[in-house]
Structures are given as structure tokens and as C-alpha cells.
Amino acid sequence: GEEVAQTPKHLVRGEGQKAKLYCAPIKGHSYVFWYQQVLKNEFKFLISFQNENVFDETGMPKERFSAKCLPNSPCSLEIQATKLEDSAVYFCASSQSQGGYTFGSGTRLTVV
Amino acid sequence: GIQVEQSPPDLILQEGANSTLRCNFSDSVNNLQWFHQNPWGQLINLFYIPSGTKQNGRLSATTVATERYSLLYISSSQTTDSGVYFCAVAENTGFQKLVFGTGTRLLVSP
Chain H
70 GEEVAQTPKH LVRGEGQKAK LYCAPIKGHS YVFWYQQVLK NEFKFLISFQ NENVFDETGM
130 PKERFSAKCL PNSPCSLEIQ ATKLEDSAVY FCASSQSQGG YTFGSGTRLT VV
Chain S
-1 GIQVEQSPPD LILQEGANST LRCNFSDSVN NLQWFHQNPW GQLINLFYIP SGTKQNGRLS
59 ATTVATERYS LLYISSSQTT DSGVYFCAVA ENTGFQKLVF GTGTRLLVSP
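Below, the structure written as C-alpha cells:
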């Protein structure tokens, strides 16, 4: 389809629990990006993929965050042992060629 | 890394007014996009405009890459234009991450 599909829309986890977020990029797009929006006006880059290969992971907190993009499956972002500070909206974006990046509608993670 | 500054940080308009939002960036870019984040949090792509001028209805944008700035024009503003407008750029080296500005928060009152 022509949209980046993110699931779930909302996720509530107790502190210490695992959270897993999914992103289906636009078909044919080979680049996938994950961003975290904590405060309303701040976007933090986490990781990007070129197909199933990690392209840039300079923004990933290494300890508790991991991500994958496997063939024929949605991409995933997993947070082990969530902390209160992980509460944020997580956006996924995909791109193929010079024409801009298309963002999904985000997953709002609330850690209580 | 590349720096992106947006101005003004906040803007309040009466419905029907026009406005100009500015985005300055510190290095060469191969991608510049304007987004509107509506009050429900959705990030809507307005323009992909690494250079030149584009128009879409009441919105238009101009990027002067050599002078490292971009402008977003909103004409005849409507209450539905309220939200936060972000400029985001990618450095001029392939499929790099987008770096976002801190946004301009726009409130259009009836």
C-alpha cells in the first residue's frame, strides 16, 4: 500500500516489561527509519535499515533497545525492561528514492 | 552534525491571515521536507523540497539551497492549519537520517 502502517497505535506497559512495536513500510521502499518523539517538539533518530541490514544505528540506546527488518515481515522495534523515560511516540518512516520520507502515524508508548 | 533552526517558535494568527515560517540549516542537504503535526499527533508530509519552489493549494514552499534556508508560506489560514510545523533535512551523503528542527507552533483562531 501507499502508507507506512504502524501497530499498535497505543501501548501501555508497566515499568520493567517488554514493549514491541511494528512497522510495515511502503511496498518497494528499501529504507526504514525509526524516530522517538519524547517532548512534543523533539524528534530523536534511533536507527535505519537498508532492506534487512542495519544502515545507521548511531541513535540507538544499546542496552535495552533492538530492532529488526526481516524479509516478508514488518520491521520491529523492541524495548526490553521499559523505563518511565521510554514513554514517547515512536514513528517509523520509509523511503525508496529521492522523493522524501513517508512517516507512519506513530505508536504511543506509555510506561507506568 | 547538521543544525536546523526554525522561526518563529510560536505564532498566533486570526483566521484568514497569511504567514511565513522559516527554516535555516547549517550544511548542504539532499533532502528537505516540511511536515505538519496536527493536534492528534499525526505527521503529515507537506513538501519534499531540497531546492526550488512548490505550491499545493494555500501552501507553498521555497528552498534556496545555496543560502541554506527554506520558507513555508501559509495563505488565508484556517483553524485546521493549527499544529506544529517541522522542517527536516538530510545531509548531502545518500540516505541519511532526517534531522528535525524544533518546530513552529501555529494557532489559528476563528
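Which chain is which? The protein sequence lines are H and S, in order.
Counted the way the working numbering counts, the first sequence spans residues 70 to 181.
Counted the way the working numbering counts, the second sequence spans residues -1 to 108.
Glycine included, C-beta positions come from ideal geometry on N, C-alpha and C.
Because the structure is a prediction, the values reported are computed rather than measured.
Three-way DSSP call (helix, strand, coil) for S/Val63 in this model: Residue 63 of chain S sits at position 65 when you count from the first residue of the second sequence. In the sequence as presented, Val is not what sits at residue 63 of chain S; that position holds Ala. In the three-state reduction of the DSSP assignment, S/Ala63 falls in the helix class, which pools H, G and I.
Boundaries (first-last residue) of the beta strand (DSSP E) holding S/Arg56: Sequence index remark: in the second sequence, residue 56 of chain S carries index 58 (1-based). Careful: S/Arg56 lies outside any beta strand (DSSP E) and carries neither H nor E.
Would the beta-carbon of S/Asn22 fall within 8 angstroms of that of S/Ala88? Residue 22 of chain S sits at position 24 when you count from the first residue of the second sequence. Residue 88 of chain S sits at position 90 when you count from the first residue of the second sequence. Between S/Asn22 and S/Ala88, the gap from beta carbon to beta carbon reaches 8 angstroms or more.
Looking at the C-beta of S/Val82, does it have a partner C-beta in chain H at a distance below 8 angstroms? As a first step, residue 82 of chain S is located in the second sequence; it is residue number 84 there, counting from the start. So, interface residue.
According to DSSP, is S/Thr102 part of a helix, a strand, or is it coil? Position 104 of the second sequence holds residue 102 of chain S. In this structure, S/Thr102 counts as strand in the three-state DSSP scheme.
Pull out every residue of the segment 35 to 48 of chain S whose Cβ sits closer than 7 angstroms to any Cβ of chain H, in chain order. Contacts with chain H (Cβ-Cβ distance below 7 angstroms) from the segment 35 to 48 of chain S involve Gly39, Gln40, Leu41, Asn43, Tyr46, listed in chain order.
Quick one: give me the first and last residue of the beta strand (DSSP E) that H/Val180 is part of. Walking along the first sequence from the start, residue 180 of chain H turns up at place 111. It spans 176 to 180 - the beta strand (DSSP E) in which H/Val180 sits, taken as one unbroken run.
Could you tell me how far apart the beta carbons of H/Gly169 and S/Tyr71 are, in whole angstroms, since I believe they sit closer than 8 angstroms? Stepping through the first sequence from its first residue, residue 169 of chain H is reached at position 100. Stepping through the second sequence from its first residue, residue 71 of chain S is reached at position 73. Contact between H/Gly169 and S/Tyr71 fails: their C-beta atoms lie close to 19 angstroms from each other, not under 8 angstroms.
Just to confirm the assignment, what range does the beta strand (DSSP E) spanning H/Asp125 have? Taking the first sequence and counting its residues from 1, the one referred to as residue 125 of chain H is at position 56. Note, H/Asp125: beta strand (DSSP E), 122 to 125.
Contacts around S/Asn36, its chain only, beta-carbon distance under 6 angstroms, and the 5 residues preceding and following it disregarded: Position 38 of the second sequence holds residue 36 of chain S. Here S/Asn36 has Gly81 as same chain residues with Cβ atoms under 6 angstroms from its own Cβ, once five neighbours each way along the sequence are excluded.
State the DSSP-derived secondary structure class of S/Thr77, mapped to helix, strand or coil. Residue mapping note: residue 77 of chain S aligns to position 79 of the second sequence, counting from 1. In the three-state scheme derived from DSSP, where H, G and I count as helix and E and B as strand, S/Thr77 is classed as helix.
Environment of S/Val62 [buried if 16+ CB atoms lie within 10 Å]: Looking up residue 62 of chain S in the second sequence gives position 64. Classification for S/Val62: exposed.
Express the C-alpha separation of S/His34 and H/Asn110 in angstroms, rounding to a whole number. Against the first sequence, residue 110 of chain H aligns to sequence position 41. Against the second sequence, residue 34 of chain S aligns to sequence position 36. Their Cα atoms are separated by approximately 12 angstroms.
Run through the DSSP bridge pairs and tell me what H/Asp155 is partnered with. In the first sequence, residue 155 of chain H corresponds to position 86, counting from 1. Partner(s): none; H/Asp155 has no beta bridge.
Check whether chain H comes within 8 angstroms of S/Phe98, counting only Cβ atoms and requiring the distance to be less than that. Locating residue 98 of chain S in the second sequence gives position 100, where the first residue counts as 1. Put simply, the CB of S/Phe98 is near chain H, with a gap under 8 angstroms to one of its CB atoms.
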